[in-house]
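Working notes for the structure below.
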Amino acid sequence: MSLISVNTLVHCPLCASTLKVVDLGGKDRLACGICEFVHWNNPKPVTATLVTTDNGLVLVQRKFEPFIGGWCLPGGFIEDSEHPAESAAREVLEETGLEVEITKLISATAPGRGINVVILFYLARQTGGELIAGDDASAAGAFHQDNLPDICFDLHRQMVAQYFQADGKL
Numbered sequence: 000m001s002l003i004s005v006n007t008l009v010h011c012p013l014c015a016s017t018l019k020v021v022d023l024g025g026k027d028r029l030a031c032g033i034c035e036f037v038h039w040n041n042p043k044p045v046t047a048t049l050v051t052t053d054n055g056l057v058l059v060q061r062k063f064e065p066f067i068g069g070w071c072l073p074g075g076f077i078e079d080s081e082h083p084a085e086s087a088a089r090e091v092l093e094e095t096g097l098e099v100e101i102t103k104l105i106s107a108t109a110p111g112r113g114i115n116v117v118i119l120f121y122l123a124r125q126t127g128g129e130l131i132a133g134d135d136a137s138a139a140g141a142f143h144q145d146n147l148p149d150i151c152f153d154l155h156r157q158m159v160a161q162y163f164q165a166d167g168k169l
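Next up, the structure:
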């Protein structure tokens with residue numbers, strides 16, 4: 000999946016004119032002087048889900064960059080017109096083979112440091128399926144606090160730590 004970046008967008012997606020950097024509301028934006036298109040560079044919404052099973056908390060090993068081979072919570076980008084909770088359940092199914100019931104939105108945050116996403120963290124419980132790596136996961140597993148692999152994303156690591164500190168009662 001390719002994301003439009005201010006650093007790579009050169010031509011207006013509406014009229015193909017060259018975009019120019021302009022100050023709008025105190026921020027530099029790419030804008031078209033012909034058709035008045037503005038690239039606002041809003042953050043992309045993504046989900047990450049803490050899935051509880053009888054065998055522990057579900058993590059997936061990434062098949063692709065960034066952090067290929069790293070472990071993280073199942074999640075991904077919200078599709079057009081998709082409710083965030085539906086996205087969370089879909090991503091879990093695609094990456095782990097598990098059907099889940101989303102039980103709670105536990106956090107909404109942004110990683111910062113130039114990573115232009117807003118992450119919605121959900122809590123879910125397994126309702127069906129069998130844990131197996133799928134989609135963009137090279138492996139999937141359920142873990143307890145004493146056998147966690149290294150988690151590659153800071154915010155995922157923090158949420159998993161909070162989950163175990165709260166005995167799974169976030």
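As numbered in numbering that gives the first Met the number 0, residues 0 to 169 make up the sequence shown, in order.
All residues carry an ideal CB built from backbone N, CA and C; glycine is no exception.
- For ALA160, the three-state secondary structure derived from DSSP is helix.
- Residue range 97-108 is occupied by the beta strand (DSSP E) that includes LEU97.
- Nearest to ARG124 by C-alpha distance, out of GLY55, CYS31, LEU29 and SER16, is GLY55.
- If you check the CB distance, THR95 and VAL37 do not come in under 8 Å.
- Per the coordinates, the alpha-carbon of ALA139 lies some 14 Å from the alpha-carbon of PHE63.
- DSSP places LEU23 inside the beta strand (DSSP E), whose first and last residues are 19-23.
- Exposure of ILE67 is indicated by the presence of fewer than 16 other C-beta atoms within 10 angstroms of its C-beta.
- For the pair GLY128 and ASP53, the Cα-to-Cα distance works out to about 13 Å.
- Straight-line spacing of the CA atoms in PRO83 and ILE114 works out to 19 Å.
- Nearest neighbour of PRO44 by Cα position, chosen from VAL116, ASP149, ILE150 and SER16, turns out to be VAL116.
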